[in-house]
Amino acid sequence: MSTCISKDISCPNCGAVHKAQMWPGIDRMAHPELRARIMEETFFDWKCPRCGYTAQMAYPCLYHDRELGFMVCLAPGNSKITLEVPTYLENISKRAVSTLPQLKEKILLFESGLDDAAMELVKKALSEVVQRKWRIPEVTAYFCAANKKQIEFAFYWQGQQTPVYHSTRFDVYKQAKEVLKTLHYEPDDGFPVVDSLLADELMEAYEEEE
């Protein structure tokens, strides 16, 4: 169920205090417009009604898609959120993320019916290709879309203001799924973090298996 609260916000620029709406709980079916704001990466945008100052006002929230059966907990930065999930929701897919782009990515992945751990392995492999191609030390990649032939990612790196898009064959995802199968990988209970660090651990374990 969606939850909306009102909170006083003091503008860092002019000091004026205004009420702002916050959504600690997001039900996609009840409020599809909130999903649209997440996709646009404007969900945390705030503008002072008095002076026009703009900022991102990040706070913990829980995104729930009842129809597709997944939940994503967003806890920005070092914030912590304690969740008590009802018993009837224990078997749905649950993940934890720390940024709005990561929340967007998880939603797109689960909506596409794809395994996010396998996709992290794909991102790891493709990121290494991109780093060699453009001779850059570090990149950040986000899943964008997929069809039966290919998968597209958006890449960012230091000094790059706009994303660079790169795609790879869908067969690479199938190979990643085989790696998970070999490792008998299953996500941890609760709200596990499935990210690049997990991909590193999985590949290290797979190389040891070989």
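Count along the sequence shown from 1, then add 118; that gives the number in my numbering.
Virtual Cβ for every residue (Gly too), placed ideally from N, Cα, C.
Remember, predicted model here, so these are calculated numbers, not experimental data.
- In this structure Lys212 does not touch Phe273 by the C-beta definition: roughly 27 Å separates them, more than the 8 Å allowed.
- Within its own chain, the residues whose Cβ lies closer than 6 Å to the Cβ of Lys125, once the five positions on either side in sequence are excluded, are Ala138, Met140, listed in chain order.
- Rounded to the nearest whole angstrom, the CA to CA distance from Asp307 to Val135 is 41 Å.
- Judged by beta-carbon spacing, Ser314 lies beyond the 7 Å limit of Ala264, meaning their Cβ atoms are not closer than that value.
- Looking at the backbone, the Cα of Leu226 and that of Arg168 are separated by about 36 Å.
- Rounded to the nearest whole angstrom, the CA to CA distance from Gln268 to Ile123 is 41 Å.
- If you check the CB distance, Thr286 and Leu244 come in under 7 Å.
- Sixteen is the threshold: when 16 or more other Cβ atoms of the shown chains lie within 10 Å of the Cβ of Val257, as they do, the residue is buried.
- In the DSSP assignment, Pro150 falls within the alpha helix (DSSP H) that extends over 150–157.
- With respect to the C-alpha of Cys262, the residue from Pro281, Ile254, Glu325, Met147 having the closest C-alpha is Pro281.
- Between the alpha carbons of Ser216 and Cys179 lies a distance of about 10 Å.
- Here Lys295 is actually not in contact with Ala214; their C-beta atoms are around 22 Å apart, not less than 8 Å.
- Excluding residues up to 5 positions away in sequence, Ile254, Val257 lie with their Cβ nearer than 6 Å to the Cβ of Trp275 in the same chain.
- Closest in C-alpha terms to His182, from the list Gln174, Thr160, Leu221, comes Leu221.
- Per DSSP, Thr300 lies in no beta strand (DSSP E) segment; the continuous alpha helix (DSSP H) that holds it begins and ends at 288–301.
- By the criterion of a C-beta distance shorter than 8 Å, Pro130 is surrounded in its chain by Tyr171, Ala173, once the five residues flanking it on both sides are discounted.
- Ala259 has its alpha-carbon roughly 22 Å from the corresponding atom of Met189.
- Ser314 sits in a helix when the DSSP states are folded into three classes.
- Annotation for Phe228: the continuous alpha helix (DSSP H) segment containing it runs 218–229.
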